Amino acid sequence: MANTVKQGGFLLRGAVLALALACVTGCGDDDDGEPQTPGTDAGVTEDAGTDAGTDAGTDAGTPVLDSDIAVARFNTDGTQDTTFGAGGVTRVDFSTGRGTRDSLWDVKVDATNRIVLFGNRRGSGDRVDTERVVARLTAAGALDTAFGSESPTTGLSILNLGTLNDSIRNGIIQPDGKIVSSGYTSMPTGAGAQSQNRIVLQRLGDDGKADATFGWKGTVVSAPFQAQSPTNPEWGMAESYAVVRQADGSYVTTGYGMRTPTGTVDLVSFRYTADGRFDETWGVGGAFVLDLSNDNERGRNLTVLGDDRTVHVGSATPTPNNIDAMVLVLDADGRADTTFAAEGYKLYDFERPESAFFGVAASPDGNWVAAAGYRSGGGQDDDAVLAIIPVKGTGVEVFKAVPLSETENDRFWAAAFDSQNRLYAAGFVTEGGDNRMVVARYTTAGDLDTTFGTGGVAKLNVVTAKTEETVRGIAIQSDGKVVVGGPIEKQ
0 MANTVKQGGF LLRGAVLALA LACVTGCGDD DDGEPQTPGT DAGVTEDAGT DAGTDAGTDA
60 GTPVLDSDIA VARFNTDGTQ DTTFGAGGVT RVDFSTGRGT RDSLWDVKVD ATNRIVLFGN
120 RRGSGDRVDT ERVVARLTAA GALDTAFGSE SPTTGLSILN LGTLNDSIRN GIIQPDGKIV
180 SSGYTSMPTG AGAQSQNRIV LQRLGDDGKA DATFGWKGTV VSAPFQAQSP TNPEWGMAES
240 YAVVRQADGS YVTTGYGMRT PTGTVDLVSF RYTADGRFDE TWGVGGAFVL DLSNDNERGR
300 NLTVLGDDRT VHVGSATPTP NNIDAMVLVL DADGRADTTF AAEGYKLYDF ERPESAFFGV
360 AASPDGNWVA AAGYRSGGGQ DDDAVLAIIP VKGTGVEVFK AVPLSETEND RFWAAAFDSQ
420 NRLYAAGFVT EGGDNRMVVA RYTTAGDLDT TFGTGGVAKL NVVTAKTEET VRGIAIQSDG
480 KVVVGGPIEK Q
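Each residue of the sequence shown is one higher than the one before, starting from 0 at the first, in numbering that gives the first Met the number 0.
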């Protein structure tokens, strides 16, 4: 298998961008968060956590009629913190009076322990597009109604790219309090009726309003794989599933894309300057592209290390019908880090047809990176999986399946470390057909920390007899309390 770096990348500018952003504060995104994209897992939802999809990381669950967001907090011993929100849970409805379906993809806490949520909501009326949402809660779990772009403020910052489908996937909070979210939207390319996905980054101020010093009105819409020539007017596509910030203020993305309008996708990574300009010095010609075997490779999340290396996690297809979880490390300039592995990446075969990592975190001391995900297929229940990797100094790498149920499905979607280098992995576990939010705490040796929850595992059933309930994001507050959030089916 060879690590192939391809060239390419351009920043979308001018009239097309202006058209896309004409309704930034008041006018769309698909309802399940997974647009139908050529060459990808088209139309497969990632919300319910039920059946395994075609990409070891996408659920082929039946879409529910209505869903909201639940945010909960656990004490340091794994008990539910009933002082948080209303009896331990805050419910947030992004789409009150506007539609039927909300999704949540990431949770972060800022320097004062306020909680920032990154998700989507369906558009108003009978439109089918959805809008990108950033919301903030107080440290104690109340909606911060002073935050946001709507007038009067509602605690929500809404990005609406006309009537386009705009999907948020991840976010970060900078030391100065500014908030950056990453995702993608499908836009017309100008080549006939063709539309392709483009990267969308947005930066907000601490007040939740667009930061006009970034991109155009706070937003960058980037199409790295445009038409290659007048005789080949069809575009490729690119998505950003996560973003991190390097020491100089630059932003690095991970996701997947392709140069041509159809076919398989590759893991793609790009870099943008602190003010939102495309950085052509990243990788080769502005892009790092990982293509193992002319089959699908996907970046799903990433973290940044103290030396500005970036750690990308996701999945790869080294051979037909065999999807492996993957960890890729790039150096500070977007080239494969051969000190991590000969070609910069490692594949993890968890003895199932499909496996993938979706959560990633770096330990505060910089010694460890953890990746969390799941394995599926082969006629067996889905199991959560972990990899814990030393990236500085000494240590022993651990990777293994960590099933939370012997008879039903369980998956991890998110990961975080606390100040004591304890690893938290979160997602869901199914019990009697009922999904429950779950958080497990591990040592860096990969052992469950039995001082947390019950035998190292804490569960929460926000809604009973429902399959739409899972943790999508996890963050640790400064006192060690554990905040989780995700979609729940409305009762």
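C-beta: ideal position from N, C-alpha, C; glycine also. Please read these numbers as outputs of a predicted model, since none were measured by experiment.
Candidates the options, of which the one nearest residue i by Cα
i      : options                           : result
Gly298 : Gly285, Leu304, Phe269 and Gly454 : Phe269
Glu488 : Leu103, Phe398 and Gly77          : Leu103
Gln173 : Arg202, Ala340 and Thr253         : Arg202
Leu459 : Ala369, Leu155 and Asp80          : Asp80
Val133 : Pro319, Val106 and Pro363         : Val106
Val219 : Glu233, Glu238 and Trp234         : Glu238
Val328 : Ile322, Glu353, Lys208 and Thr302 : Thr302
Lys391 : Arg440, Asn366, Leu291 and Ser477 : Asn366
Val288 : His311, Thr212 and Thr272         : His311
Asn320 : Lys345, Gly333 and Asp294         : Asp294
Val384 : Val179, Val199, Val481 and Tyr441 : Tyr441
Leu346 : Leu447, Ser185, Pro223 and Phe398 : Phe398
Ala516 : Pro389, Leu142, Gly170 and Val482 : The question about residue 516 has no answer here: the residues shown for the chain are numbered 0 through 490.
Arg244 : Gly235, Lys208, Gly191 and Thr272 : Thr272
Ser249 : Ile157, Gly191, Tyr344 and Glu279 : Glu279
Collapsed DSSP secondary structure at residue i in the structure displayed
i      : result
Arg131 : strand
Tyr423 : strand
Glu375 : Reading the sequence as shown, one finds Ser at residue 375 and not Glu. Correct three-state label for Ser375: strand.
Phe339 : coil
Ala246 : coil
Ala192 : coil
Pro402 : coil
Pro187 : strand
Lys345 : strand
Trp234 : coil
Arg100 : strand
Phe73  : strand
Gly154 : coil
Tyr255 : strand
Ser477 : coil
Gln225 : coil
Pro317 : strand
Arg471 : coil
Exposure label - residue i; buried when at least 16 CB within 10 Å
i      : result
Met229 : Per the sequence presented here, residue 229 reads as Pro, with Met not at that position. Pro229 comes out exposed.
Asp381 : buried
Ala85  : exposed
Ser150 : exposed
Gln225 : buried
Glu468 : buried
Asp125 : Low per-residue confidence applies at Asp125: pLDDT is 49, beneath 50, and the placement is therefore not dependable, though the value from the model is reported in the following sentence. That one is exposed.
Thr429 : buried
Thr253 : buried
For residue i, the residue or residues it bridges with in DSSP
i      : result
Pro486 : Ile68
Asn169 : Ser181
Lys107 : Val115
Tyr441 : Leu422 and Leu447
Asn300 : Val312
Asn434 : Thr429
Tyr271 : Tyr250 and Phe277
Gln453 : The sequence as given places Thr at residue 453; Gln does not occur at that position. In DSSP, Thr453 forms a bridge with Val456.
Thr463 : Bridge partners of Thr463: none, in fact.
Asp382 : Arg374
Supposed close pair residue i, residue j - CB separation, criterion 8 Å
i      : j      : result
Ala371 : Phe357 : 7 Å
Thr498 : Glu296 : Look at the range of the chain in this structure, 0 to 490, and you will see that residue 498 is not part of it.
Leu136 : Arg113 : 7 Å
Gly485 : Met436 : 6 Å
Ala414 : Leu403 : Actually they do not touch by this definition, with Cβ atoms about 15 Å apart.
Val359 : Asn300 : 5 Å
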